[in-house]
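First up is the structure itself, then whatever we jot down about it.
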Amino acid sequence: MLLRVFNLISFGAFGLCMAKEQMLPVTTCHRDATDYSTCLRDAIQEAWPRFIQGLPEFNFPPIDPAFYDHHYVTIRNGVLYVNAHAVNTTFIGFANARFLDAKAYFTDNIFHLEIDFQTPQISLEGLLNLIGSVGPFRVNSTGHYKLVITDLKIRWDITGPVADDRWIPEHFIIIPRLKKMKGYFTGFLGSEEFDKLFQDFANEYWPALFRAIGPIVMKNLDPMFVEMITPLFSNVSFSKIFPK
1 MLLRVFNLIS
11 FGAFGLCMAK
21 EQMLPVTTCH
31 RDATDYSTCL
41 RDAIQEAWPR
51 FIQGLPEFNF
61 PPIDPAFYDH
71 HYVTIRNGVL
81 YVNAHAVNTT
91 FIGFANARFL
101 DAKAYFTDNI
111 FHLEIDFQTP
121 QISLEGLLNL
131 IGSVGPFRVN
141 STGHYKLVIT
151 DLKIRWDITG
161 PVADDRWIPE
171 HFIIIPRLKK
181 MKGYFTGFLG
191 SEEFDKLFQD
201 FANEYWPALF
211 RAIGPIVMKN
221 LDPMFVEMIT
231 PLFSNVSFSK
241 IFPK
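Counting in full-length UniProt numbering, the sequence shown runs from 1 upward without gaps.
Now the structure itself:
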């Protein structure tokens, strides 16, 4: 009787351990294969619609549209000297991503996953509280903004160590390249005429504004994206999802 109870407990514990380990909905590619990068790129493209919808079993949210409650950034660079607080931001456009390349490799014990993709258009909009100066404009108010970015190429460079057959992402570096960005702004300067001037200034000088804003925003997004993807790998065997 005692042996039977022990066996039942052991079987139950084994079942719980197996239940915790899951597999991502991605075709497996072997790192030693000569066509590994092509296989990995195609596997990501094939699985992308699943990621877009979200994976509740991994506590991974939908990403098109994607929603962010708030985001703070302080910029002291070039034509921008502002404290910005974005609220209730919505991102749309990742569903149309076309993946161009994918690489996975080790440097010492750090695993790298580099993914290059492009999308014809991404838009983000929400409320924005600005305090400071944007070029010639002094701003201390909250208004509505919308940014439309076209012909966008992005590289994701995700890195982190592997321990106990689990990949632990530590950095999620985003490197964007865009050809055009257009902004729409209302409610920042108290009148339609001044908002129009503010909008025209932003749209004329967007390359300089993006050079000032981009690196700071990407740095701030790093920990946010790491937190988002960590559940994808915390219960997945590294050797099964990235086998040799």
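Ideal Cβ positions, reconstructed from N, Cα and C, are used throughout, including at glycine.
If you look at residue 152, you'll find it in the beta strand (DSSP E) that goes 137-163. Straight-line measurement puts the Cα of residue 198 at about 52 Å from the Cα of residue 165. Distances from the CA of residue 118 to each of 150, 220 and 31 were compared; the closest alpha carbon is that of 150. Unbroken alpha helix (DSSP H) runs of no fewer than 4 residues, entirely contained in the stretch 173-222, are found at 192-204, following chain order. Under DSSP, residue 119 forms a beta bridge with 152. The straight-line gap separating the alpha-carbon atoms of residue 142 and residue 58 is approximately 35 Å. Annotation: the continuous alpha helix (DSSP H) that includes residue 43 extends over 36-53. Within the model, the alpha-carbon separation for residue 131 versus residue 86 is close to 12 Å.
Between the stretch 40-52 and the stretch 96-106, the count of Cβ pairs shorter than 8 Å is three or higher; the stretches touch.
By the Cβ-count criterion, residue 188 is buried, with 16 or more other Cβ atoms from all chains shown falling within 10 Å of its own Cβ.
Looking only at 169, 156 and 233, the smallest Cα-Cα distance to residue 218 is reached by 156. Here DSSP, grouped into helix, strand and coil, assigns residue 74 to strand. Under the DSSP assignment, residue 63 falls outside any beta strand (DSSP E); it carries neither an H nor an E label.
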